[in-house]
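Order-wise, the sequence lines are chains A and B.
The first sequence stops at residue 278 when you use numbering that gives the first Met the number 0, and every number in between is there.
The second sequence stops at residue 216 when you use numbering that gives the first Met the number 0, and every number in between is there.
Note that the Cβ used here is the ideal one computed from N, Cα and C, for glycine as well.
Heads up: the structure comes next, in structure tokens.
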Amino acid sequence: MNEELSEVVLIIGTGTVLVFGLAAFAITLIVVYRRRYIAHQTELSTLHEAHQREILTAQLETQNQTLQHVAEELHDHVGQMLAVVVLYLNVLHEDTSGTPYHEKVAKLLTHTASLVDDVRGLSKSLSTDTIARFGLVACLGLEIERINRADRAEQATLQVLGEAYTLGEQTEIIVLRMVQEALNNALKHAYDAPITLTLDFQPDALTLTIADEGPGFSMSEVEERSLVRSGQGLHNLRRRALLLGGTCTWQTVPQQGTHVILRIPRPDTYTDNSSMLTT
Amino acid sequence: MWETILFFSLATVCLLIYLWQWTSLTISMKWIGIAHAINTLTLAVGTIMTSNDVENNLYIFHFSLLPLHTAYALAFYFAIDHLLTRKLILSSIGLFITISLTFSATVQPLHEFNSYSRVVSNLLLAGMSLRYLYKLFVEVKMARIEQSSFFWVSVGLLFTSVGSFFAYGLMSYLIDLSLYHAKQIYALIDAMNFLLIGVLVVAVYAETLFALKRHNR
Numbered sequence: 000m001n002e003e004l005s006e007v008v009l010i011i012g013t014g015t016v017l018v019f020g021l022a023a024f025a026i027t028l029i030v031v032y033r034r035r036y037i038a039h040q041t042e043l044s045t046l047h048e049a050h051q052r053e054i055l056t057a058q059l060e061t062q063n064q065t066l067q068h069v070a071e072e073l074h075d076h077v078g079q080m081l082a083v084v085v086l087y088l089n090v091l092h093e094d095t096s097g098t099p100y101h102e103k104v105a106k107l108l109t110h111t112a113s114l115v116d117d118v119r120g121l122s123k124s125l126s127t128d129t130i131a132r133f134g135l136v137a138c139l140g141l142e143i144e145r146i147n148r149a150d151r152a153e154q155a156t157l158q159v160l161g162e163a164y165t166l167g168e169q170t171e172i173i174v175l176r177m178v179q180e181a182l183n184n185a186l187k188h189a190y191d192a193p194i195t196l197t198l199d200f201q202p203d204a205l206t207l208t209i210a211d212e213g214p215g216f217s218m219s220e221v222e223e224r225s226l227v228r229s230g231q232g233l234h235n236l237r238r239r240a241l242l243l244g245g246t247c248t249w250q251t252v253p254q255q256g257t258h259v260i261l262r263i264p265r266p267d268t269y270t271d272n273s274s275m276l277t278t
Numbered sequence: 000m001w002e003t004i005l006f007f008s009l010a011t012v013c014l015l016i017y018l019w020q021w022t023s024l025t026i027s028m029k030w031i032g033i034a035h036a037i038n039t040l041t042l043a044v045g046t047i048m049t050s051n052d053v054e055n056n057l058y059i060f061h062f063s064l065l066p067l068h069t070a071y072a073l074a075f076y077f078a079i080d081h082l083l084t085r086k087l088i089l090s091s092i093g094l095f096i097t098i099s100l101t102f103s104a105t106v107q108p109l110h111e112f113n114s115y116s117r118v119v120s121n122l123l124l125a126g127m128s129l130r131y132l133y134k135l136f137v138e139v140k141m142a143r144i145e146q147s148s149f150f151w152v153s154v155g156l157l158f159t160s161v162g163s164f165f166a167y168g169l170m171s172y173l174i175d176l177s178l179y180h181a182k183q184i185y186a187l188i189d190a191m192n193f194l195l196i197g198v199l200v201v202a203v204y205a206e207t208l209f210a211l212k213r214h215n216r
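See below:
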């Protein structure tokens, strides 16, 4: 009887110890695996982000090279040809003095001179050299001037708040392209409604707000658009802002205008992506 | 006697769960179910023979170990998606059968307990379990490892195989010195069997429940 009892105690005792041992073993494995899985996912996510940044950087570099080429062509070729045209028109203007054509040639000369200014403005707007030489604020001022000149009205205004600082040449090129895209969107959708570009230089970040008083849009409707109807503009702006360690947000209500808000951190407060942008 | 009744009750419940879920089980889990059926059947036949005063029933454990080990090994063969490992597993089945039959014909004949063959089998199963767990940890494919049925099978088999490896080894040593102590060690192996049944139930639960959840998602 005693022997049987001791056997029962032994089985129950060892069984209990084994159950606890197995449970501890399984839990340890699960915990270790979970940590490893999280670390693995983080690593994958980091690699994916780095890959995305590289792709975007390459895209931007290609875009900048193309725009630079177009800017150079506009300046060196089209600009020069237009200068020659203006020269001949000046001669013609003098030659037709006192004839019925004189006034018409004068108008033609005025339009051509305006065209020369537009081409020069466009060339500066597309060129990456301009931003290197004059900085972001001046280039954005030029953009506003270009819009107003094309519209023959004071449709767009620029406001600069705080003390301006540089974000670095490469960052400023990307920011300029983003603002150009946002301004083009505003011009496309807001028609002749007033547009305000505000640059708020805060100690830790630059906030750029492109506000129009156009019809606005429904964010949910845009996000639900089919592949055929959907554009890349909003997505591209967000991606570029992320590349710079910043954010790009929209505040829009149908019939109440749109605010595109770009927040780009100041370079000394953000170092993560700066190395990616030394192209 | 109570532990025998309890064991067969649990083993039958486990077997019925496997049969009930049979169509939704993966091939690996089906082989685990087959292995469990072989194990339960062998122990049932052995118990019936003992209760009918058969002098020696040890030979059935010699023969049943071969299909039992083969079933477990095939479960790992289908679970581990790695060509070299699969080849090694298939080779190990042939090797084990040869070694086991050699032991049965020489050092531990049919009228003796086949502890040597069981030690080898446990060692191989522990190795396969470790290989599976290693692959699981290296690949890190699943978000929740506890939802994988074969994780539980591997953990259970690794734990019970290592435990049984030492228990059979110790029993082989003690059986000539003290039968009383050898029987006590056998109680440990009984406890391992209980534990394995518990783990097999958890595994089939994980297989059906989480597969259903994944399907519904």
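Beta-carbon proximity list for residue i, same chain, < 7 Å, skipping 5 on both sides
{"i": "B/F77", "result": "I26, S27 and W30"}
{"i": "A/F200", "result": "L160, G161, E162, A163 and Y164"}
{"i": "A/N183", "result": "none"}
{"i": "B/L73", "result": "W30"}
Residues near residue i in its chain [Cβ-Cβ closer than 6 Å; skip 5 each side]
{"i": "B/R143", "result": "none"}
{"i": "A/D211", "result": "A185, A189, A192, I194, G256 and T257"}
{"i": "B/L156", "result": "L124 and S128"}
{"i": "A/H74", "result": "S122"}
{"i": "A/R252", "result": "In the sequence as presented, Arg is not what sits at residue 252 of chain A; that position holds Val. Closer than 6 Å at the Cβ level, and outside the excluded window around A/V252, lie G215."}
{"i": "A/C247", "result": "L236, R237, A240 and L261"}
{"i": "B/P66", "result": "I37"}
{"i": "B/W1", "result": "none"}
{"i": "B/Q107", "result": "N113 and Y115"}
For residue i, the nearest candidate out of the options (CA to CA)
{"i": "B/F6", "options": "B/T101, B/T22 and B/L42", "result": "B/L42"}
{"i": "A/L196", "options": "A/I143, A/G161 and A/T15", "result": "A/I143"}
{"i": "B/I184", "options": "B/A166, B/S116, B/A104 and B/V152", "result": "B/A166"}
{"i": "B/L122", "options": "B/T3, B/L83 and B/S163", "result": "B/S163"}
{"i": "B/V201", "options": "B/I47, B/L14, B/A72 and B/T3", "result": "B/L14"}
{"i": "A/N89", "options": "A/I146, A/T61 and A/A105", "result": "A/A105"}
{"i": "B/F60", "options": "B/Y179, B/F149, B/S171 and B/N113", "result": "B/N113"}
{"i": "B/T69", "options": "B/E54, B/F95 and B/L82", "result": "B/F95"}
{"i": "A/R35", "options": "B/T22, B/Y17, B/V139 and B/E54", "result": "B/V139"}
{"i": "A/I172", "options": "A/V136, A/E72 and A/D94", "result": "A/V136"}
{"i": "A/P202", "options": "A/R176, A/K187, A/A181 and A/L166", "result": "A/L166"}
{"i": "B/M191", "options": "B/M170, B/Y172, B/V161 and B/D175", "result": "B/V161"}
{"i": "A/I26", "options": "B/A181, B/E145 and B/V152", "result": "B/E145"}
Reduced DSSP category for residue i - H, G, I as helix; E, B as strand; rest coil
{"i": "B/L169", "result": "helix"}
{"i": "B/L109", "result": "coil"}
{"i": "A/S96", "result": "coil"}
{"i": "B/E54", "result": "coil"}
{"i": "B/K86", "result": "helix"}
{"i": "B/S23", "result": "helix"}
{"i": "B/M48", "result": "helix"}
{"i": "B/M191", "result": "helix"}
{"i": "B/M127", "result": "helix"}
{"i": "B/M141", "result": "coil"}
{"i": "B/I79", "result": "coil"}
{"i": "B/S148", "result": "helix"}
{"i": "B/M0", "result": "coil"}
{"i": "B/S8", "result": "helix"}
{"i": "B/S163", "result": "helix"}
{"i": "B/E177", "result": "The amino acid occupying residue 177 of chain B in the given sequence is Ser; Glu does not appear at that position. Residue state, collapsed to three classes: coil."}
{"i": "A/L17", "result": "helix"}
Residues of its chain near residue i, where Cβ-Cβ distance is below 8 Å and the 5 sequence neighbours each way are ignored
{"i": "B/I98", "result": "S116 and V119"}
{"i": "B/I79", "result": "R85, I88, M127, R130, Y131 and K134"}
{"i": "B/N56", "result": "V44, G45, M48 and T49"}
{"i": "A/L55", "result": "R238, R239 and L242"}
{"i": "A/V115", "result": "G78, L81, A82 and V85"}
{"i": "A/Q179", "result": "S124 and E142"}
{"i": "A/W249", "result": "M218, L233, T257, H258, V259 and I260"}
{"i": "A/Q67", "result": "L125, S126, T127 and D128"}
{"i": "A/G120", "result": "L141, E144, R145 and R148"}
{"i": "B/L40", "result": "S63"}
{"i": "B/R216", "result": "Any reading at B/R216 must be qualified, since the residue scores a pLDDT of 47, below 50, and its modelled position is unreliable; the value itself is stated next. Result list for B/R216: empty, nothing under 8 Å."}
Residues that residue i bridges to, as DSSP identifies them
{"i": "A/V159", "result": "A/L198"}
Residue i: CB within 8 Å of a non-hydrogen atom of the ligand GDP
{"i": "B/I98", "result": "Only the bare structure without any ligand can be found here, which leaves the ligand GDP out of the picture."}
Subject >> Uninterrupted alpha helix (DSSP H) stretches inside the stretch 185 to 269 of chain A (no shorter than 4 residues) >> reply: Correct list: 218 to 222 and 232 to 242.
Original post:
Can you list, in chain order, the stretches of the beta strand (DSSP E) that have 3 or more residues and sit fully within the stretch 105 to 178 of chain A?
Top reply: Segments of the beta strand (DSSP E) lying fully in the stretch 105 to 178 of chain A: 155 to 160.
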